[in-house]
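A.B. asks:
Residue numbers (my numbering): 450 to 548.
(1) What residue range does the beta strand (DSSP E) around residue 473 cover?
(2) Please say whether residue 474 and residue 512 have beta carbons closer to each other than 9 Å?
(3) Are residue 469 and residue 517 closer than 9 Å when you measure CB to CB?
(4) Should residue 489 be labelled buried (16 or more other beta-carbon atoms within 10 Å of its own) or exposed?
(5) Report the three-state DSSP secondary structure of residue 518 (helix, strand or coil).
In structure tokens form, the structure reads like this:
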């Protein structure tokens with residue numbers, strides 16, 4: 450049964466892409482190179498070569514980018530770094546920076 454009513458919808462919905470965040474390891478004078486490499490391999494799924502390169506960046510430049518993630522995943526990775534560092538009694542820290 451047709452009612453003769455014609456409906457037209459002309460809506461434009463603009464959705465912004467969520468921001469991405471860089472997770473960055475910060476240098477300290479106590480965490481060992483082996484520990485930092487282990488963190489990069491286990492938490493950030495880096496190869497040994499990638500982990501070594503990032504670790505050298507942390508050592509030489511004071512920081513190294515571990516990966517780029519959504520906010521929630523970045524915060525989870527940072528919490529994992531913190532928990533593992535605390536358990537190993539190292540002061541290693543990670544931070545997130547918006548891209």
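The C-beta atom is built at its ideal place from N, Cα and C for all residues, glycine as well. Quantities reported herein were computed from a predicted structural model and do not represent experimental measurements.
C.D. replies: According to the structure shown:
(1) For the purposes of this step, residue 473 is taken as residue 24 along the chain shown, with counting starting at 1. First-last of the beta strand (DSSP E) with residue 473: 470-475.
(2) Position 63 of the chain shown, counted from the start, is the residue given in the question as residue 512. Position 25 of the chain shown, counted from the start, is the residue given in the question as residue 474. For residue 512 and residue 474, yes; Cβs fall inside 9 Å.
(3) What you label residue 469 is simply residue 20 of the chain shown in a count that begins at 1. What you label residue 517 is simply residue 68 of the chain shown in a count that begins at 1. Yes, the Cβ-Cβ distance between residue 469 and residue 517 is below 9 Å.
(4) Walking along the chain shown from the start, residue 489 turns up at place 40. Burial call: buried.
(5) Reading the chain shown from its first residue, position 69 is the one you call residue 518. The answer is strand: DSSP assigns residue 518 an E or B state.
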